[in-house]
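Take 0 as the starting number for the sequence shown in numbering that gives the first Met the number 0 and just add one per residue.
Worksheet: one structure, shown below.
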Amino acid sequence: MALPAQFATRMSRMKASEIRELLKLLDQPGMLSFAGGIPDAAFFPAEAFAGAFQDALSPGRQAQSLQYSVSEGYLPLRQWIVSHMARLGVTCRPENVLITSGSQQALDYLGKLFLSPGDTALVGWPTYLGALAAFNAYEPRYDRLRVGENRSHAEYASAAEAAGGRVKFAYLSPDFDNPTGLTLTPAERLQVLDTAAALDCAVIEDAAYQGLRYDGDPVQPLLALEQAQKAGDLEACRTIYCGTFSKTLSPGLRVGWVVASTPVISQLVLMKQAADLHSPTLNQIAIHQVADALFDPHTAALREAYRSRRDAMLAALQDHMPPGVSWTRPEGGMFIWVTLPEGLNAAALLERALAEEKVAFVPGQAFFADGSGENTLRLSFSNSQEAEIAEGMTRLGRILTSAN
Ligand SMILES: Cc1ncc(COP(=O)(O)O)c(C=O)c1O
0 MALPAQFATR MSRMKASEIR ELLKLLDQPG MLSFAGGIPD AAFFPAEAFA
50 GAFQDALSPG RQAQSLQYSV SEGYLPLRQW IVSHMARLGV TCRPENVLIT
100 SGSQQALDYL GKLFLSPGDT ALVGWPTYLG ALAAFNAYEP RYDRLRVGEN
150 RSHAEYASAA EAAGGRVKFA YLSPDFDNPT GLTLTPAERL QVLDTAAALD
200 CAVIEDAAYQ GLRYDGDPVQ PLLALEQAQK AGDLEACRTI YCGTFSKTLS
250 PGLRVGWVVA STPVISQLVL MKQAADLHSP TLNQIAIHQV ADALFDPHTA
300 ALREAYRSRR DAMLAALQDH MPPGVSWTRP EGGMFIWVTL PEGLNAAALL
350 ERALAEEKVA FVPGQAFFAD GSGENTLRLS FSNSQEAEIA EGMTRLGRIL
400 TSAN
């Protein structure tokens, strides 16, 4: 039986991620990889987690921690998130919070909630490729969310209608975006909110890197700005905030969250019930204990460490990139986005970089919904020591100089 013929049409949009295929090649000795955007395992609060798991599995607590629990998520963790959000300028209640299996699950659910085939999702050009992968399953059309440019909502709307659907949401990661590292100013955030209001669509605010700011002034989340416009009423807000503990405490425990108005949360809870009932109880209890004990000092130490790595990468790029190559200067996060001269192809360069210099990066094309961006690439500085960064950028410089 030729089963691929029976696969649903949505599968034609789901392709193997370039990053995952690439990661298979990175085990060779001497390879310096700036490809995967992952936290440095050396900074995981492993001892605190060991204690938290031990407590959660103690005789008095194991009946709860090993048991099924509610789909909305572990209440003390949702209460912790309510206070965390308050510090970011968002006033919410536990009823506005859903715990998800990483923020990736939230992106999948939001695609499922909003997108019928042919509907339009507004995304950055480039944008987080995991968001495209999640949304692709719901067969949308993508249009470029233009921030700081003059594009009227009528143009977005008529293009969406011509494609047989409506604009359902704008998706963006406003702080230290993956892949560009860029941050939206308050004025740009307000412009996105205005466009969404004119289109009457949702805003999906992906805040994965929000806590990792190394310099510059913090900017309020879109949800906080919108809530202020609506006289504090979260129920009147169209912004849906997706948070995660992956970049600060541990990605392996798969704990993220969504903050939104209660009608949105109720729909997402139905999806959670249908998909996996709830996120693992034990992991939620452990994350809560560790976050409660050390979130602030831990993230302060992380910021210190990642700031030096970012600085090392910016300095090494300055020293080793040939003329015609430009790059972003992020105030936080894990990524620097590099633009090569027109006509250079980053995917072809990667093959040479791996074979000749044992240095890896992610070619930028996979981050563009239209497959453009051939001459771009993403570098991650979070998982390499300063000396490795200096050596890696020397190698990359050699490859680019010879390609120029
Ligand atoms: C922008 C962005 N959003 C969401 C995620 C998903 O993270 P998680 O599911 O671990 O919370 C990532 C992971 O790399 C990301 O870069």
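All C-beta atoms, glycine included, are put in the ideal place defined by N, C-alpha and C.
Exposure of residue i, with buried meaning 16 or more beta-carbon neighbours within 10 Å
i      : result
Asp199 : exposed
Glu234 : exposed
Tyr67  : exposed
Met392 : buried
Pro362 : buried
Met13  : exposed
Thr400 : exposed
Glu204 : buried
Ala223 : buried
Alpha-carbon to alpha-carbon, residue j and residue i
i      : j      : result
Ala197 : Thr119 : 15 Å
Ala274 : Asp176 : 28 Å
Pro75  : Ala55  : 14 Å
Ala285 : Arg60  : 12 Å
Asp310 : Ala62  : 48 Å
Ala206 : Ser102 : 9 Å
Ser260 : Pro220 : 15 Å
Phe380 : Val258 : 29 Å
Phe367 : Trp124 : 5 Å
Ala347 : Gly231 : 51 Å
Ser64  : Gln266 : 26 Å
Asp318 : Gln364 : 26 Å
Pro173 : Tyr127 : 11 Å
Ala130 : Leu106 : 6 Å
Ala58  : Phe52  : The question names Ala, yet the displayed sequence has Pro at residue 58. So the alpha carbons of these two residues sit roughly 12 Å apart.
Val289 : Asn282 : 11 Å
Gly164 : Thr298 : 42 Å
Met320 : Leu395 : 8 Å
Leu349 : Met10  : 28 Å
Gly72  : Ile398 : 49 Å
Gln5   : Phe113 : 25 Å
Met30  : Leu316 : 19 Å
CA nearest to the CA of residue i, picked from the options
i      : options                        : result
Phe43  : Thr247, Asp142, Phe113, Ala130 : Thr247
Gly251 : Gly29, Arg60, Ile37, Arg12     : Ile37
Lys271 : Ser70, Leu87, Leu25, Ser64     : Ser70
Cys236 : Gln317, Asn374, Ile264         : Ile264
Gly342 : Ala195, Val324, Tyr305         : Val324
Glu385 : Thr400, Tyr305, Ser401, Ala365 : Tyr305
His83  : Gln5, Glu225, Val268, Tyr240   : Tyr240
Thr184 : Ile80, Gln27, Val218, Phe367   : Val218
Phe360 : Asp369, Gly331, Asn382         : Asn382
Ile98  : Asn403, His277, Glu225         : His277
Asn135 : Pro279, Pro116, Trp326         : Pro116
Strand pairing of residue i, partner residues [DSSP]
i      : result
Val254 : Bridge partners of Val254: none, in fact.
Thr393 : The partner list for Thr393 (beta bridge, DSSP) is empty, contrary to what the question assumes.
Arg377 : Trp336, Val361
Phe52  : According to DSSP, Phe52 bridges with nothing at all.
Would you be able to state if there are at least three C-beta pairs under 8 Å between the segment 131-142 and the segment 189-196?
no
Counting pairs of beta carbons, one from the segment 151-158 and one from the segment 22-37, are three or more of them closer than 8 Å?
no
Is it a yes or a no for the segment 326-338 touching the segment 371-390, going by three-plus beta-carbon pairs under 8 Å?
yes
Could you check whether the segment 119-137 touches the segment 164-172, counting it as contact only if at least three pairs of C-beta atoms, one from each stretch, sit closer than 8 Å?
yes
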